[in-house]
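Residue numbers for the sequence shown, in numbering that gives the first Met the number 0: 0 to 1023. Even for Gly, the Cβ is constructed at its ideal location relative to N, Cα and C. Since this is a predicted model, take the numbers as computed values, not measurements. Notes to accompany the following structure.
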Amino acid sequence: MKKGSNIIDLALKYYRIVILIVIVFVAVGVYGLYVAPKQDFPTFTIRQGLVVAAYPGLTSSEIEEQLTKPLENFIFEYKEINKEKTFSQSKDGVSIINIELNENIKDKDAFWSKFKHNLEDLKSNLPDGVVALKALDDFGETSAILITIESEDKTYRELQEYSDALKDKLRKVDGVSGLKNVGLLSEQIVIRVDQDKLKNYGINNAMIIAKLQTQGYKTYSGEVKNSHLVAPIHIESELNWEKDVAEQIIYSDLSGNIVRLKDIAEITREYPDSEPYIQNNGVKCILLSIEMRKGVNVVEKGKQVNEILDDFRHDIPKDVKLYSIADLSKVVDNSVNSFLLEMLIAVIAVVIVVIAFMPMRVALVSAITIPITIFSALAMFYAFGIELNTIILSALIVTLGMVVDDSIVIIDNYVEKLDEGEKPIIATAQSPRKYFKSVLTATLVISVTFFPFLLTTKGMFNDFLITYPWAMTIILGFSLLIALLFTPFMQYTFIKKGLHREKKKGKNFLDIVQVGYDLLLSKCFKYKNATLLTGVLIIAIGAFWFFNLPLRLMPFVERDQFAVEIFLPNGKSIYQTTEIADSLDNILRKDGRVVSVTSFVGLSSPRFHDTYVPQFPSDNFAQFIVNTSDKKATKEILDEYSRKYSDYFPEAYIKFKQMDFSEARYPVEIRVSGEDILTIKQASETLMAEMKKMPELLLIRTNFEENLPGVSIRLNQNETNKLGIDKSIIAMSTALELGDGFPITNIWEKDYPVKVILKSERKQEESFSNIGNVNIPTMGGMSNIPLRQIASISPDWNEGQIVRRNGVRTLSILAEVERGYNEINITNKIKNKIDEIELPEGIKVSYGGMKEADGERLPQIVNGLLITVCLMLFILIFHFKKIALALLTLGSTMLCLLGTSIGMQIMGSDISVTSILGVVSLMGILLRNGIIMLDYAEVLRKEQGLTVEKSAIQAGSRRMRPIFLTSTAAAVGVIPMVIGGSPLWTPLGSVIFFGTLITMVFISTILPVAYSVIFKFKDKELNK
C-alpha cells in the first residue's frame, strides 16, 4: 500500500482522527435529535386570502353588479393573482372574493402589503353605501393549539378576562406568534322602546338616536394654550353604564315637563341571542387560537405552553375549565416518537437480516454503519437548521436498508480477497478502491435523481417535497463516506478471515440461495429467447397494471380527529341550525369512541390543519371538531357515520370530513359556466339528475345555494314626498322593529366596549304580515304612519349566492364520494355521462375537485420523472462510457413495475406522491444492482478475457450475494412503513418492499441474459 496515495490510505493511516470525527458527528446527531426544530410536515405556504365587502340592503344580483364586478376588475390587474382559481361569492349585502396567488409567489406578505394599500384607495371609488372593505391575508394561517375556556356559570365577559390573563402569560413564550379569541360574545345595552308610549309623547325613534349619538360622541375639544403651558380640554362622557342611558332626557317642554328614556323604554344589559357561538361537549365556551412562528421547535414550545396551561388551571375557579381540542405539538411529538420507534425496529430488522446471512463479525461491521450514518446525517440536519418532520424521518427509514449497501459491497470484496489469500491490510486498502466508482455512481443515481421534482413541482406540492431530496442526498452521502473511510478500518480490525478459508460442516441459507440462483440462471441462459420474452411481458403487464391503479396524489391524514360540516338551506335561522347541531352533537357524544365534540354554530373553526379551508360565517352553517380515542376509531366512525347521517336531518347536508393533504375543496366539483343564470341552472339540473342516479355520490348540491326568501318594499313616491319620508328613515324603522336593532353608540368600560342597541318592543313573533304595521315617522317627527299606507309590500326571491370564477358566472355542482371509492374515477364516470348530454348554447362544463387538483400535479410529476430518467442516463453513460450499456441498465428498471403494482394492489394503495417517490427510490436501488453486476461482467470480459456469456454468468453468480443482501436489507428496512397502515407512507413502503424483492429476481436473471445477447458481438472483436 502506498502511504498517502489517496484519501482512503490516509483514513487508514490516521484512523484515530477518523474515529474522533465519527464520534463527534454521532454525538452532535444525538443532541440534534433532541433539540432540533420539529414539525409535523414541512411548512406550507398558503397562497390564499379573502376580500370581504359589505353593502347592506342590496340583493345578491345588485351586489354582483355594483360591488363584485368592480372588485374583480381591481383584483385581476395584479399579475400575482391566479385568475383561474380566484372566485367571488355575491350574497345578500356582502361580496366575498376568494383570492388565490400564483404558485411561484414566495413572499406573499410583500404582495398583501401592496394589495391592502391599494385596496384602501379603491374604497373611495365604490358606492357610498359600502360600509366595510377588508382584505384578510391571515386566512391561511394554521393554528398550532386550540384551547377552549369554558364554564356553565361564568359569563362571556368573565371568560374573556380569563383568556386575556392567559394570553399575557403565553406571550412570554418565544415562538408564539399569534393569540386570537374566537366565539366571543360581547355584552350590549339594549333599549326596547314602547312604540305606544312614543305616540303619546309625540316622540319618534330618530329623536332617541340623535340624542344618544351626540352624548356618546368624542371629538377634539380644544386646549388652553399660553406662554406657560398647553393643556388639552377633555369633556367627560355622560354615558358610562346602563343607568346613565336610562336617565337621558329625551323630551322637555317650556313647562318643565321632561321625558327620560326609562319612561318610554326598557333598558337591559344582555348578550345577543342570535350570534354565532361555540360549545365544547355541550358547554358554553370561547376559543383561544395559538399560532407558532415558522422554524421553531413545535414540540418544545408546545410543552412550554402546556406547562403554562397547567399552572393557569390552579389560578382560576374550579368551574372554569381549559381543554385542548387541537394540539399540533402533541401530534408532532407522537409522530416523531412513532417514527423513531419504527426506525429502531427497522434498524433491528436490517441488522438481523445481515447477521442471518453473514458471519457474525462481518454482519456486525456492516450493521454498525447504520446508526453511525443516521446520526451523522442528523448532525448535518441540525447544523444546517433543517427541521425534523415526517418527510425527513421517512427519508431516514427509506434509506435504512440502503445505507448499509455500500459497506456490504466493500466488505464482501474484502472477504473475497481474504479468501484469495491477500493480507488483511492489503485487502482492506484495495476493497474500497476497486468499487469506489461503482458505489459513487450508485449513490449519485439514488440521491440526486429526486432534485428534478423540485424544478417541476409548484406551490404546496413543492413545499411538501422540498426537503426530501436534500435528506436523501445527505444520508446517502454519509453512507458513502462511512463505507469508504471508516469501514476499511473496522473490517481490518474485526475481520481476519474470509468466508471460505475453512471448510464448513454445512451450508447456510445464503449458500442455499446461491445454489438455487445458479440453477435458475443456467436455465435462463439455456432458454435465452424465452427469458427475454418473459422480461418484455413482465414490463408490459406491469405497466398496464400500474397505470390502471387508482390515482390520488395527496393522501388522507391519519389523526384521532375529524371535522363535521352542517349546511342548511339559505335563509334558515341560527336557531334551526342550533337544533340540528345539538342533535348531532348528542349522537356523537354517546359514541364511546368519541372523546370530545366542539361545535361552532354560525361560524367555522380556525384553520387547524394546513389544507383545511374554513367556511365563511353564516347562520345556516355549523362545524364540529371531533376528537376520538385513536386513529382507528376515527376511521371506524367515518366509515359508519358518513353515509348514515349525510341526509339524516331534513333539509340539512351533513358532511363528515377526514383531513387530507389535497388542496381540493371538494372531492367532486362539476362547473357549469355561462352568462344567463336561468340557463346555467337549467343545465345544472340536467347534470344533477344524472349524478343522483349514481349510488357512489352523497350530498349532491350547488354552490349557488337555494333562493333566498325576502320582502320587497315599493314606495309610493308621491306619498313619501308629501310626508317628508325617505329610504333612510324607512330602513331605520324596519331595522328597529324587525331586525336585530339599530346600533347607536359604544360605552367604554375601561378597555371593554359595550354596544348600545335600539329596538322596538315586540309583542309577537316577527312575520311577513307585521311588516306593514311598522311605524314610520313623518316630517318633523311628531307623528307616525304605518308602512302599508305609503308602500306596497310583497314577498320576493333572490339568488342565494352568485358565484363567479375568473370573472365568469360559474355554478359548481358539488358532491361527496362514498368512502372506499376513488374520487377521480367517479369524476371520470360523471364526465362520460355528461359528454353524452347536449347542453344549451353558451354553456361550458369544466371539472374541479380532486380531478383538477391531481390533474395539475400529475404533469409536474411526469416532467420530473422524465428529467430524472435523463439524469440517470447521463450518470450511467458517464460511468460505463457506453451508451448501449447505460440504456440496458436503465431499461432494466422497467422490470420494477410488476412488483410495484403487486405491492400496491395487496396493500390497497392508490398512486400517490409517496408511491412515486418509492418508485424513484426503487429505480435507484435497481440501478445500483445493475451497476454492481455489469461492472463486474465488464471486468471479467476485459481483464480476464472471458466471453460475454461467461462474463455474464460469472458476474450474476458472484454478485448475487451483495445484490441479495442489499436488496433484502432495503426491503426489510421499510417493513414498519408497510405494516403501519399509514395512507401517506404505506404506498412508499409497499413499493420498495415488494418491488425490491420481486424485481431482484428479474434483474438477477434477465439482465445477465440481455447483456450476453446484446453484447455478443464483443466476442468477435475479442477473437480478432
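Review point. Going by C-alpha distance, which of 636, 558, 826, 877 is nearest residue 326?
Key: Here the question's residue 326 lines up with position 327 in the sequence shown. Ranking 636, 558, 826, 877 by Cα distance to residue 326 puts 558 first.
Practice item. Starting from residue 436, follow the alpha helix (DSSP H) in both directions and report where the run begins and ends. Key: As a working note, residue 436 is residue 437 in the sequence shown. Boundaries of the alpha helix (DSSP H) harbouring residue 436: 435 to 446, taken from the DSSP string.
Review point. Beta-carbon separation of residue 534 and residue 895 under 9 Å?
Key: Counting from one through the sequence shown, the residue named residue 534 turns up at place 535. Counting from one through the sequence shown, the residue named residue 895 turns up at place 896. Not a contact, by the Cβ cut-off of 9 Å.
Review point. Are the beta-carbon atoms of residue 683 and residue 810 separated by less than 9 Å?
Key: Reading the sequence shown from its first residue, position 684 is the one you call residue 683. Reading the sequence shown from its first residue, position 811 is the one you call residue 810. Yes. Within cutoff.
Point to revise | Cβ pair residue 813, residue 685 closer than 9 Å | key: Numbered from 1 along the sequence shown, position 814 holds the residue referred to as residue 813. Numbered from 1 along the sequence shown, position 686 holds the residue referred to as residue 685. It is not a contact, given that the beta carbons lie outside the stated cut-off.
Point to revise | residue 651 Cβ short of 8 Å to the ligand SAH heavy atom set | key: As for the ligand SAH, it is missing from this structure, which has no ligand bound.
Practice item. In angstroms with no decimal places, state the Cα-to-Cα distance between residue 529 and residue 1003. Key: By 1-based counting over the sequence shown, the position of residue 529 is 530. By 1-based counting over the sequence shown, the position of residue 1003 is 1004. The straight-line gap from Cα to Cα measures roughly 16 Å.
**Study point:** residue 546, enclosing beta strand (DSSP E) - first and last residue
**Key:** Taking the sequence shown and counting its residues from 1, one reaches residue 546 at position 547. According to the DSSP assignment, residue 546 belongs to no beta strand (DSSP E), since it is labelled neither H nor E.
Practice item. Can you check the region 287 to 337 for any alpha helix (DSSP H) of at least 4 residues that lies completely inside it and give the ranges in chain order? Key: Within the region 287 to 337, the complete alpha helix (DSSP H) segments of 4 residues or longer fall at 297 to 314, listed in chain order.
Point to revise | Among 537, 692, 1005, 600, nearest to residue 833 - alpha-carbon criterion | key: For the purposes of this step, residue 833 is identified with residue 834 of the sequence shown, where counting begins at 1. Measuring from the Cα of residue 833, the nearest candidate turns out to be 692.
Check your understanding: Is the CB-CB distance between residue 239 and residue 743 below 9 Å?
Key -> On the sequence shown, residue 239 is found 240 positions in, with the first residue counted as 1. On the sequence shown, residue 743 is found 744 positions in, with the first residue counted as 1. At a Cβ-Cβ threshold of 9 Å, residue 239 and residue 743 do not count as neighbours.
Check your understanding: Buried or exposed: where does residue 316 fall if 16 or more other Cβ atoms within 10 Å of its Cβ makes it buried?
Key -> For the purposes of this step, residue 316 is taken as the residue at position 317 of the sequence shown. Flag for residue 316 reads exposed.
Point to revise | Reference residue 689; option with closest CA among 640, 607, 829, 737 | key: Taking the first residue of the sequence shown as 1, we reach residue 689 at position 690. The shortest C-alpha separation from residue 689 is found at 829.
**Study point:** Own chain residues within Cβ distance below 6 Å of residue 320, not counting five before or after
**Key:** For the purposes of this step, residue 320 is taken as the residue at position 321 of the sequence shown. Within the same chain, residue 320 has close Cβ partners 149.
**Study point:** Reference residue 318; option with closest CA among 180, 981, 158, 405
**Key:** As a first step, residue 318 must be located in the sequence shown, where it is residue number 319. The option with the nearest alpha carbon to residue 318 is 158.
Exercise for review: Evaluate the contact criterion for the region 169 to 176 versus the region 296 to 313: three or more CB pairs, one atom per stretch, below 8 Å.
Suggested key: Counting Cβ pairs under 8 Å, three or more are found: they touch.
Check your understanding: Could you give the C-beta distance for residue 265 and residue 191, rounded to a whole number, given that I count them as a contact under 8 Å?
Key -> The residue labelled residue 265 in the question sits at position 266 within the sequence shown. The residue labelled residue 191 in the question sits at position 192 within the sequence shown. The C-beta distance from residue 265 to residue 191 rounds to 5 Å, short enough to meet the 8 Å contact threshold.
Exercise for review: State the start and end residues of the unbroken beta strand (DSSP E) segment that holds residue 178.
Suggested key: Residue mapping note: residue 178 aligns to position 179 of the sequence shown, counting from 1. 175 to 181 is the span of the beta strand (DSSP E), which, as asked, contains residue 178.
Check your understanding: Which partner residues does residue 669 have in the DSSP bridge list?
Key -> Along the sequence shown, read from residue 1 onward, the residue named residue 669 stands at position 670. In the DSSP output, where bridge partners are listed per residue, residue 669 has 812, 846.
Check your understanding: Whose CA, out of 434, 395, 644, 852, lies closest to the CA of residue 413?
Key -> Walking along the sequence shown from the start, residue 413 turns up at place 414. Of 434, 395, 644, 852, the residue nearest in Cα terms is 434.
Check your understanding: Less than 9 Å separating the beta-carbons of residue 118 and residue 290?
Key -> As a first step, residue 118 is located in the sequence shown; it is residue number 119 there, counting from the start. As a first step, residue 290 is located in the sequence shown; it is residue number 291 there, counting from the start. Cβ atoms of residue 118 and residue 290: not closer than 9 Å.
Practice item. Go ahead and pull the three-state DSSP assignment for residue 1000. Key: Translated into positions along the sequence shown, residue 1000 becomes position 1001. If DSSP states are grouped into helix, strand and coil, residue 1000 belongs with the helices.
Point to revise | Sequence ranges, beta strand (DSSP E) only - wholly within the region 958 to 1008, length at least 3 | key: List check, beta strand (DSSP E) in window: nothing returned.
Review point. How is residue 152 classed by DSSP in three states: helix, strand or coil?
Key: Position 153 of the sequence shown, counted from the first residue, corresponds to residue 152. Residue state, collapsed to three classes: coil.
Check your understanding: Who are residue 748's beta bridge partners in DSSP?
Key -> Counted from its first residue, the sequence shown places residue 748 at position 749. Residue 748 is bridged to 751.
Check your understanding: Are the beta-carbon atoms of residue 232 and residue 221 separated by less than 9 Å?
Key -> In the sequence shown, residue 232 corresponds to position 233, counting from 1. In the sequence shown, residue 221 corresponds to position 222, counting from 1. Their beta carbons are under 9 Å apart, which means residue 232 touches residue 221 by this criterion.
Check your understanding: Do the region 236 to 255 and the region 126 to 136 meet, that is, are 3 or more Cβ pairs less than 8 Å apart?
Key -> The region 236 to 255 and the region 126 to 136 do not touch, with fewer than 3 CB-CB distances between them shorter than 8 Å.
Point to revise | Cut-off 8 Å between Cβ atoms - residues of its own chain near residue 2, not counting five sequence neighbours on either side | key: Looking up residue 2 in the sequence shown gives position 3. Note that residue 2 scores a pLDDT of 40, beneath 50, so its modelled location is shaky; the value from the coordinates is reported in the next line. In the same chain as residue 2, and ignoring 5 residues on each side of it, the C-beta atoms closer than 8 Å to its own belong to 8, 12, in chain order.
Check your understanding: When the Cα atoms are used, what is the spatial distance from residue 283 to residue 627?
Key -> Indexing the sequence shown from 1 puts residue 283 at position 284. Indexing the sequence shown from 1 puts residue 627 at position 628. Rounded to whole angstroms, residue 283 to residue 627 spans 21 Å at the Cα level.
Point to revise | Expected contact under 8 Å - CB spacing of residue 101 and residue 72 to nearest Å | key: The residue given as residue 101 occupies position 102 in the sequence shown. The residue given as residue 72 occupies position 73 in the sequence shown. Incorrect: roughly 19 Å between the Cβ atoms, too far for contact.
Exercise for review: Answer yes or no: do residue 641 and residue 815 have a C-beta to C-beta separation smaller than 9 Å?
Suggested key: Residue mapping note: residue 641 aligns to position 642 of the sequence shown, counting from 1. Residue mapping note: residue 815 aligns to position 816 of the sequence shown, counting from 1. It is a contact, given that the beta carbons lie within the stated cut-off.
Check your understanding: From what residue to what residue does the beta strand (DSSP E) around residue 652 run?
Key -> What you label residue 652 is simply residue 653 of the sequence shown in a count that begins at 1. Note, residue 652: beta strand (DSSP E), 652 to 656.
**Study point:** Candidates 973, 837, 604, of which the one nearest residue 145 by Cα
**Key:** By 1-based counting over the sequence shown, the position of residue 145 is 146. Residue 604 is the option with its Cα nearest to residue 145.
Review point. So residue 592 packs on residue 538, CB below 8 Å; how close in whole Å?
Key: Here residue 592 corresponds to residue number 593 of the sequence shown, with the count starting at 1. Here residue 538 corresponds to residue number 539 of the sequence shown, with the count starting at 1. Taking a contact as a CB-CB distance under 8 Å, the pair residue 592 and residue 538 does not count as one, their CB atoms being some 46 Å apart.
**Study point:** residue 250 (DSSP reduced to helix, strand or coil)
**Key:** Here residue 250 refers to the residue found at position 251 of the sequence shown. Reduced to three states, the DSSP call for residue 250 is strand.
Review point. Rounded to a whole number of angstroms, what is the C-alpha to C-alpha distance between residue 567 and residue 650?
Key: By 1-based counting over the sequence shown, the position of residue 567 is 568. By 1-based counting over the sequence shown, the position of residue 650 is 651. One alpha carbon belongs to residue 567, the other to residue 650, and they sit about 6 Å apart.
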